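Sequence positions in the sequence shown follow my numbering and run 7 to 83. Every residue gets a Cβ at the ideal spot worked out from N, C-alpha and C, and that includes glycine. For clarity, every value in this text was computed on a predicted model and none was experimentally measured.
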Amino acid sequence: MTCYELITTIDTEQRERMTRAGIIPEQWKRFVLIYELWTELVAKGMNKMDAYGQAGARYFTSEANARRIVARMQSPV
Numbered sequence: 007m008t009c010y011e012l013i014t015t016i017d018t019e020q021r022e023r024m025t026r027a028g029i030i031p032e033q034w035k036r037f038v039l040i041y042e043l044w045t046e047l048v049a050k051g052m053n054k055m056d057a058y059g060q061a062g063a064r065y066f067t068s069e070a071n072a073r074r075i076v077a078r079m080q081s082p083v
């Protein structure tokens, strides 16, 4: 199971409560959005490096940070 799979298996209401309680960092919402956009772009045929750049630009982060976020979301738990 990857970090992305784990975070998305928790229902939205429970995830919000866990975020407010400080169990799940607030940045995870943004990480999920960046990862989902990246996977969508790659599925449409865009190469990975361009997808990192596009995902980073859309969510106002650098390409390097987008790469780190995708790697974190793909990492096994």
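Under the three-state DSSP convention, the category Thr8 falls into: In the structure shown, Thr8 sits in a strand (DSSP, three-state: E or B).
Let me know if Ala61 comes out buried or exposed under the rule of 16 or more other beta-carbons within 10 Å of its beta-carbon. Buried, since its Cβ has 16 or more Cβ neighbours within 10 Å.
Determine the closest residue to Met55 out of Arg74, Cys9, Pro31, with distance taken between C-alpha atoms. Of the candidates Arg74, Cys9, Pro31, the one whose C-alpha sits nearest the C-alpha of Met55 is Arg74.
Minimum C-alpha distance to Phe37 - residue among Ile29, Gln20, Ala77: Ranked by Cα distance from Phe37, the options Ile29, Gln20, Ala77 are led by Ala77.
I'd like to know whether the C-beta atoms of Ser4 and Thr25 end up nearer to each other than 9 angstroms. No answer is possible for residue 4: it lies beyond the span of the chain, which begins at 7 and ends at 83.
For the alpha helix (DSSP H) that Asp56 lies in, which residues bound it at each end? Residues 54-64.
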